[in-house]
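Notes follow the structure.
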Amino acid sequence: MHGAETMPGANRPEDAAGTGEAGGSLLAGLGFTEVAEPAPHAALHAVSQAASREAPQGSSQGRSLGTSEDIPAAAPRAPLHIAPVRRGGSLRGAGPMRREDLQAAPRFAEAAEAAETDRIMKPGALRGAARGRDLDSLTRTLFLRIYPVIAAVVLLTQAGIAWVNYADQFRLYTERANLLAGLTAAAIDRPGWEQAAASFGPQLQALARDPAFRYAALKDGQGRVVGTAGETPRGKPWDLVQVSAALESDGSPGTLALVLSAEELRDNAGKQALLALGTSLVLMLAFVATLHLNLRRHVVAPVKRLLVAMRQVEHKHWTTVDLGGAYRPSNEIDAISQAFNSMVEGLRSGDEAKQLLQALEQAHGALEAANRQVIESIGYARRIQASVLPDPKALSATGIDLAVLWEPLQLVGGDYYWLEEIDGLSVIVVADCTGHGVPGAFLTLIVATALDRLLHERGLRSPAALLAGLDAMVRTQLRQDGRGAESDDGLDCGICVWDPAHRSLRFAGAGLSLTAIREGAVARVRGSRRGLGYPRTGREAPPEADSLVPVEPGTTFYLMTDGVTDQMGEPAPGQRPRLLGQRGVAERLAARADEPLAAQVAGLERELAAYRGGQPRRDDMTLVAFRLG
Numbered sequence: 002m003h004g005a006e007t008m009p010g011a012n013r014p015e016d017a018a019g020t021g022e023a024g025g026s027l028l029a030g031l032g033f034t035e036v037a038e039p040a041p042h043a044a045l046h047a048v049s050q051a052a053s054r055e056a057p058q059g060s061s062q063g064r065s066l067g068t069s070e071d072i073p074a075a076a077p078r079a080p081l082h083i084a085p086v087r088r089g090g091s092l093r094g095a096g097p098m099r100r101e102d103l104q105a106a107p108r109f110a111e112a113a114e115a116a117e118t119d120r121i122m123k124p125g126a127l128r129g130a131a132r133g134r135d136l137d138s139l140t141r142t143l144f145l146r147i148y149p150v151i152a153a154v155v156l157l158t159q160a161g162i163a164w165v166n167y168a169d170q171f172r173l174y175t176e177r178a179n180l181l182a183g184l185t186a187a188a189i190d191r192p193g194w195e196q197a198a199a200s201f202g203p204q205l206q207a208l209a210r211d212p213a214f215r216y217a218a219l220k221d222g223q224g225r226v227v228g229t230a231g232e233t234p235r236g237k238p239w240d241l242v243q244v245s246a247a248l249e250s251d252g253s254p255g256t257l258a259l260v261l262s263a264e265e266l267r268d269n270a271g272k273q274a275l276l277a278l279g280t281s282l283v284l285m286l287a288f289v290a291t292l293h294l295n296l297r298r299h300v301v302a303p304v305k306r307l308l309v310a311m312r313q314v315e316h317k318h319w320t321t322v323d324l325g326g327a328y329r330p331s332n333e334i335d336a337i338s339q340a341f342n343s344m345v346e347g348l349r350s351g352d353e354a355k356q357l358l359q360a361l362e363q364a365h366g367a368l369e370a371a372n373r374q375v376i377e378s379i380g381y382a383r384r385i386q387a388s389v390l391p392d393p394k395a396l397s398a399t400g401i402d403l404a405v406l407w408e409p410l411q412l413v414g415g416d417y418y419w420l421e422e423i424d425g426l427s428v429i430v431v432a433d434c435t436g437h438g439v440p441g442a443f444l445t446l447i448v449a450t451a452l453d454r455l456l457h458e459r460g461l462r463s464p465a466a467l468l469a470g471l472d473a474m475v476r477t478q479l480r481q482d483g484r485g486a487e488s489d490d491g492l493d494c495g496i497c498v499w500d501p502a503h504r505s506l507r508f509a510g511a512g513l514s515l516t517a518i519r520e521g522a523v524a525r526v527r528g529s530r531r532g533l534g535y536p537r538t539g540r541e542a543p544p545e546a547d548s549l550v551p552v553e554p555g556t557t558f559y560l561m562t563d564g565v566t567d568q569m570g571e572p573a574p575g576q577r578p579r580l581l582g583q584r585g586v587a588e589r590l591a592a593r594a595d596e597p598l599a600a601q602v603a604g605l606e607r608e609l610a611a612y613r614g615g616q617p618r619r620d621d622m623t624l625v626a627f628r629l630g
């Protein structure tokens, strides 16, 4: 066992003999050059030979030393002294630009004077005017916000890596020193060793051959120095590694103190750290240069061309912006430039001053419309989906009292319902497509198209037959009818067909059930568990037969998706949220059985919101409630 006092210093991989593959892998992983492990040192070889010839059986025990000042001077006994070894501003997001803003824009007058009054402004028109100027505010702002963060992160990371690497190499260096001291102590340790200088002289001479050797002292059991090698070290404490090994021979105890230099280790680690720092700085500068060039080329230069062209038009110079032969509608700057060119062409046909004002107003409107386009596109999607849904009053002429709750989780959703009177029959369909939002909304369009074809082209009137046909069409549209289908989407669906002539209500469901409430009693007509589509759930067929539902006066029927029942309630302190479920919804509907259906649906929606409290909704909600006349 060996003790060591480790001090901060540099790391020298070539001094850490026996570090193994782990040390090399760590150096390579941290970006440092891997140094091949040196062969065993001559001093260690000499000590091993001496130990094999002279050392008797025994053991050595190490202990920690203090600083070099803790080593006492030589004792009165004549020790053996061995001679020491000598060594040497973005345009996007700003909104439409008004005429006053255009006139007050910075450097417009300079750019207008420098630009030629040709009818077509080339992409390089501003190259001379912009030469020698500082970066514009947009580029400078991005630089000041991005570069310091990246630099700080990279530098801190490199510093951490360098410190971990240094600490690991210093530990291995200390272990090597402990091993060297222990082997030397084992070679010296024999009875009466302190009486004969010849017993420890060769071992101390072997230690002195180590390039990192500074000082070694051999003490007897009373702490007297009987032999030394080298000079007492006077360097900085953190540049030294001090270890000791005990001689525990019977009757002849002693201690071997060894001091090695860590200067070269520290210097080498400093070089590696500077190399890593330089590499990091080069990479950061390359990143900043690339970002700067791309901003100037793809953002700043096109905007400047557009602004200068606007200034020219204001002075009645009919200048258009050259798009470079490629118009990309997806590029907002190209779209604005194209609108500007159209404005200039219109101004040329009439009074220049009057047409200029009108064109600027048109450009203002175009910019304002472009600024709203992204926000309004989501609203347009909701309008399109809402237009596909039928009118809740579509069955009012048949004598059916009906109310609908349709509330997508987002602006658009994956729930859909169908109401139609055809051939004297009333068809009511509720579908819950996979997911919600835009993916679910696309599936509802597939379902709407399939239902229209099944009812009007194929003339299906049976709920079970409609489910089977819908399943086949969804599989075909989503390409789920072959091997390796990528789509795993589908829907749950419930269909009711009311025949008023025979007063029969037929129902078939795939993943959805029909709930009936009469005089406070709740009954459920369950559909099959399997939905439509979903090729990875198996090849089970949809329901093959309709369920005939008894119709009694005062009975209210409900078709609903799981978004209505899957409501998580606000939990009490220390409890988990509770799911409302089918039973909770049915109880709330039964309590309102005597109310009109519209009041029932509105009241249920309020109760669901109160039940959730602060909990968010989890899915789209659709409920169709109807009473048969």
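Residue numbers (our numbering): 2 to 630.
Quick reminder that beta carbons are idealized off the backbone N, C-alpha and C, glycines included.
By the CB criterion at 8 Å, Ala-404 and Gln-601 fall inside the cutoff.
Taking the Cα of Thr-233 as reference, the smallest distance to any Cα among Leu-284, Ala-218, Phe-443 is reached at Ala-218. Per the Cβ contact rule, the segment 168 to 175 is in contact with the segment 259 to 275 (3 or more Cβ pairs under 8 Å). Put simply, the backbone Cα of Ala-153 is about 19 Å away from that of Thr-291.
Sorting Gln-363, Pro-551, Glu-333 by C-alpha distance to the C-alpha of Glu-346 places Gln-363 at the top.
Fully contained in the segment 467 to 531 are the following beta strand (DSSP E) runs of length 3 or more, in chain order: 491 to 500, 505 to 511, 515 to 519, 522 to 526. Per DSSP, the unbroken beta strand (DSSP E) holding Ser-427 starts and ends at 426 to 434. Within the same chain, Cβ atoms closer than 8 Å to the Cβ of Ala-360 are found at Val-314, Met-344, Val-345, Gly-347, Leu-348, the five residues on either side in sequence being excluded. The segment 421 to 437 makes contact with the segment 550 to 568; the number of CB pairs closer than 8 Å reaches 3 or more.
Taking 8 Å as the cut-off, the beta carbon of Gly-222 is found no closer than this to the beta carbon of Phe-201. The Cβ atoms of Leu-261 and Arg-215 lie closer than 8 Å to each other.
Counting only runs of 3 or more residues that sit fully inside the segment 158 to 201, no beta strand (DSSP E) segment turns up. Inter-segment contact for the segment 502 to 521 and the segment 437 to 454 is absent: fewer than three beta-carbon pairs are separated by less than 8 Å.
Only exposed fits His-457, as fewer than 16 other CB atoms lie within 10 angstroms of its CB.
When rounded, the separation of the alpha-carbon atoms in Glu-369 and Leu-609 is 40 Å. Val-475 places its beta carbon 8 Å or farther from that of Leu-420. DSSP places Ser-253 in the uninterrupted beta strand (DSSP E) bounded by 253 to 262. Put simply, the backbone Cα of Asp-547 is about 40 Å away from that of Ile-379. When rounded, the separation of the alpha-carbon atoms in Leu-205 and Leu-275 is 37 Å.
Around the beta carbon of Arg-577, fewer than 16 other beta carbons sit within 10 angstroms, so the residue counts as exposed. A Cβ-Cβ distance of about 6 Å is found for the pair Leu-426 and Asp-500, placing them in contact under the 8 Å criterion. One Cα belongs to Leu-286, the other to Thr-142, and the distance between them is close to 16 Å. Under a 10 Å Cβ-count criterion, Asp-621 is classified as buried, with 16 or more other Cβ atoms of the shown protein chains found around its own Cβ. Secondary structure of Lys-317 (DSSP, three-state): coil. Taking the C-beta atoms as reference points, Cys-494 is found nearer than 8 Å to Leu-468. Take Gly-491, set aside five residues on each side of it, and the residues of its chain with a beta-carbon closer than 7 Å to its own are Thr-435, Val-475, Gly-532, Leu-533, Gly-534, Tyr-535, in chain order. Where Val-226 is concerned, the enclosing beta strand (DSSP E) starts and stops at 226 to 231. In this structure, the CA atom of Leu-156 is about 7 Å from the CA atom of Leu-278. The DSSP assignment places 563 to 566, 582 to 592, 598 to 613 as complete runs of the alpha helix (DSSP H) inside the segment 556 to 615, in order along the chain (cut-off: 4 residues).
Between the alpha carbons of Val-283 and Val-289 lies a distance of about 10 Å. For Val-283, no pairing in a beta bridge is given by DSSP. In its chain, beyond the 5 residues on either side, Val-498, Arg-507, Ala-509, Asp-547 have a beta carbon closer than 8 Å to the beta carbon of Ser-463. Taking 8 Å as the cut-off, the Cβ atoms of Thr-623 and Asp-416 count as close. Glu-553 sits away from Gly-614, with the two beta carbons spaced by 8 Å or more.
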